[in-house]
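Peer 1: Protein chains in written order, with the working numbering: chain A, 4 to 334; chain B, 18 to 373.
For each residue, glycine too, the CB sits at the ideal point set by N, CA and C.
1) Whether or not the segment 201-212 of chain B and the segment 50-61 of chain B are in contact is what I'm after, with contact meaning three or more pairs of Cβ atoms, one per stretch, closer than 8 Å; do they touch?
2) Would you mind telling me which residues of chain B sit closer than 8 Å to residue 326 of chain A, beta carbon to beta carbon, in chain order?
3) Quick one: which chain B residues come within Cβ less than 8 Å of residue 293 of chain A?
4) Going along the segment 7-19 of chain A in order, which residues come within less than 9 Å of chain B, judged by CB to CB distance?
5) Can you have a look at residue 259 of chain B and say buried or exposed, based on whether 16 or more other CB atoms are within 10 angstroms of its CB?
6) Just to confirm my understanding: we take residue 357 of chain B, look at its own chain, exclude 5 residues before and 5 after, and list those with CB closer than 8 Å. What are they?
7) Just curious, the alpha helix (DSSP H) that residue 204 of chain B is in, first and last residue?
8) What does the alpha-carbon distance come out to for the pair residue 327 of chain A and residue 134 of chain A?
9) Can you tell me whether residue 355 of chain B is buried or exposed, with buried defined as 16 or more other CB within 10 angstroms of its CB?
10) Verify whether the separation of the beta carbon atoms of residue 270 of chain A and residue 302 of chain A is less than 8 Å.
11) Under three-state DSSP, which class holds residue 143 of chain A?
12) Among the residues of its own chain, which have a CB less than 8 Å from the CB of residue 39 of chain A, if the five just before and after it don't count?
13) Would a C-beta distance cut-off of 8 Å place residue 49 of chain A and residue 122 of chain A closer than the cut-off?
14) Are the CB atoms of residue 36 of chain A and residue 95 of chain A nearer to each other than 8 Å?
15) Of all Cβ atoms in chain B, is any one closer than 8 Å to the Cβ of residue 321 of chain A?
16) Within the same chain, show all residues whose beta-carbon is closer than 8 Å to that of residue 51 of chain A, passing over the 5 residues directly before and after it, in chain order.
17) In its own chain, which residues sit with a C-beta less than 7 Å from the C-beta of residue 323 of chain A, not counting the 5 before and 5 after it?
18) Smallest Cα separation from residue 79 of chain B: which of B:90, B:89 and B:67?
19) Does the segment 55-63 of chain B come close enough to the segment 316-327 of chain B that 3 or more CB-CB pairs lie under 8 Å?
20) Just to check my reading of the structure: residue 139 of chain A and residue 308 of chain A have Cβ atoms closer than 8 Å, yes? What is that Cβ distance to the nearest angstrom?
21) If I follow the unbroken beta strand (DSSP E) through residue 300 of chain A, where does it start and stop?
22) Quick one: is residue 17 of chain B near chain A, going by C-beta distance under 8 Å?
23) If the cut-off is 7 Å on Cβ atoms, which residues from the segment 121-150 of chain A count as contacting chain B, listed in chain order?
24) So who's on the other strand from residue 86 of chain A, going by DSSP bridges?
25) Under a CB-based cut-off of 8 Å, is residue 313 of chain A close to chain B?
26) Select from the segment 77-102 of chain A all residues with a C-beta closer than 8 Å to any C-beta belonging to chain B, and list them in chain order.
27) Check whether the Cβ of residue 68 of chain A lies closer than 8 Å to any Cβ atom in chain B.
28) Below 8 Å, how does it come out for the segment 290-308 of chain B and the segment 23-35 of chain B: are there three or more Cβ pairs, yes or no?
29) Starting from residue 329 of chain A, trace the alpha helix (DSSP H) both ways and give me its first and last residue.
30) Taking 8 Å as the CB-CB cut-off, is residue 267 of chain A touching chain D?
31) Hey, is the segment 11-28 of chain A in contact with the segment 145-160 of chain B, meaning 3+ C-beta pairs nearer than 8 Å?
32) Distance cutoff 8 Å, beta carbons only. Does residue 309 of chain A sit that close to anything in chain B?
33) Between the segment 34-46 of chain A and chain B, which residues of the former have a C-beta closer than 8 Å to a C-beta of the latter?
34) Decide yes or no for the touch test of the segment 259-271 of chain B against the segment 231-238 of chain B: beta carbon pairs closer than 8 Å, at least 3 of them.
35) Could you give the C-beta distance for residue 74 of chain B and residue 121 of chain B, rounded to a whole number, given that I count them as a contact under 8 Å?
36) Can you give, in chain order, each stretch of the beta strand (DSSP E) that sits fully within the segment 145-200 of chain A and has at least 3 residues?
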């Protein structure tokens, strides 16, 4: 294998680590807080080696208290720091929900911009790794619904690094969702040093004129697999990786849907109140008359994310996505 | 403050009874009962770790080293009491009556593992930290208002004391004088974070002062201290004396879960040393030898019986009917909503089509 200069082949979790290291070096105001992120390097090793390199004052193992350390990070952000907190699993974020909803997300609005909260909350999310119960939530819509916080969800190592750096530099709070299932699933060339990817911009993963398949995070590989299966049947799909969940990239959605007229949205989360419904609203507002078929949603169900014995039946699969693609094609 | 909350022992590391007032109660029969449960919980835990390594169950949470906390406290309960465990307390749950098969099913990702045996008030383990403490306070209030003599025990670790729910649960129980025992297993590590980083207080028991309830620090590796002190706290609760906070000081020998590698954050020599010195089972063996109750044949028989029970449970777990997809939809509400009903129908129809 030829190694390119200035490029490393990294997994998503390594790219997250690389982004954190890059920003700890780049800016003195960046600090990390969370449970087991120091000596242990994080339960997924996302912060591996950072305590050793940057010390306890910048990489802080906190008491076991999601509301406590998220609230404290808000105070630090108010007072000149750029904290990046790690919630061990998204399913454990709920004690901190009030801190995020009531304080982080509305401080700027309440003070006419006098106080701001440039805080990043990182959280691994999603099912598919046979984790114990409660470890597999994908409740991004609880946060896309929340005014005053951006929600970012990369699907690849390159995007993970560029988006995390952008999130840290963003003047407002950002929830950064990391697809646990894809953490070590594949590698990609990631440039060394600092680069950013604009928050609010999606990316096309496959090009095709027949149907638009929209996905994010851990569902992007599922959508791609389904698109490849469809191709064997002569159906060509645009696969859009949203990358940012709030604000949505309405241009990339509109451009593709206006071209294909057919849409399938793939969402791991529960159906009701999910982000797919907001995507439908974007399509309705921008591209209603271009549609040749009602859009299809392939989603999790309105049930608690099940214990792992049932998770294969809960999660959208390439087969289910393919079925939806065929449905919109044959309408 | 440490001096105000000394660690209470009944049986010391050498197997000597150091509190004469319990001398009469520590009979051969009680000791043998304790010993059997200690062996049973330890052998089961080791089996589970091995099953996980072979991929026969999912991620598993071991408790080896904490058996005395779980066995002693569970044996102190009456049949009608409530138990609110965490994910590390299946030793207590199986001592209180949950079957080994159910325990295995839980670790195999099956909801059947959360259903307690008929008549037993064993709530599913809490997976987030400290969230079960307010539940326990509420269930205890309800028992009081119903006029029963039932009490509640709730388990949690040292890390849980940093969560708001710990303080809210204790305060609530204190205000309403609820019949609940807050049973803390202080194993001194919350995954990788040592207790010295978790809190500045030297004890957990002293936190009881803030809620004006009794706080007690005991040797969590001394099954008799755990048993007698928990019994006393439960009795006080039943008789209108309100809640108690018990801090049982112990040590987890191994990993936080089978996904964890403790050598990253602590010297495992400490665990090795503790196995020789403070082990909860060894000190009961020393007592039995000291008292002339040690019977090699009986011990072998206990091990054989426990082993057979565990192997039978593994067979039952592995021959259990396949997980039923419908279960995922059917237990969310008493009456399914139209959304769930439609999703279920559409999914099952699609699945049948795929299987054809």
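Peer 2: From the atom records:
1) Contact annotation: the segment 50-61 of chain B does not touch the segment 201-212 of chain B, with fewer than three C-beta pairs closer than 8 Å.
2) 367
3) Simply none; closest approach about 27 Å.
4) Those would be none; no residue qualifies.
5) It is buried - the Cβ of residue 259 of chain B has at least 16 other Cβ atoms within 10 Å.
6) 346, 349 and 350
7) Counting along the chain, residue 204 of chain B sits inside no alpha helix (DSSP H), nor does DSSP assign it H or E at all.
8) 28 Å
9) Looking at its Cβ environment, which holds fewer than 16 other Cβ atoms inside 10 Å, residue 355 of chain B is exposed.
10) When the beta-carbon positions are compared, residue 270 of chain A and residue 302 of chain A come within less than 8 Å of each other.
11) It is coil, neither helix nor strand.
12) Taken in chain order, the residues that qualify are 45, 46, 64 and 91.
13) no
14) no
15) So, not an interface residue.
16) Counting only residues of its own chain and dropping the five nearest sequence neighbours on each side, residue 51 of chain A has a CB closer than 8 Å to the CB of 20, 44 and 45.
17) 301
18) Taking the Cα of residue 79 of chain B as reference, the smallest distance to any Cα among B:90, B:89 and B:67 is reached at B:67.
19) yes
20) 5 Å
21) 299-302
22) Nothing can be reported for residue 17 of chain B: it is not among the residues displayed for chain B, which extend from 18 to 373.
23) 133, 134, 135, 136 and 137
24) Residue 86 of chain A is bridged to A:34.
25) Taking Cβ atoms only, chain B reaches closer than 8 Å to residue 313 of chain A, which makes this a yes.
26) 94, 95, 97 and 98
27) yes
28) Contact holds: three or more Cβ-Cβ distances are below 8 Å.
29) It spans 321-332 - the alpha helix (DSSP H) in which residue 329 of chain A sits, taken as one unbroken run.
30) Among the protein chains in the structure shown, which are A and B, there is no chain D.
31) no
32) yes
33) Going along the segment 34-46 of chain A in chain order, one finds 38, 39, 41, 42, 43, 44 and 46 with a Cβ nearer than 8 Å to chain B.
34) They touch, by the three-pair rule.
35) 6 Å
36) 153-155, 177-182 and 191-194
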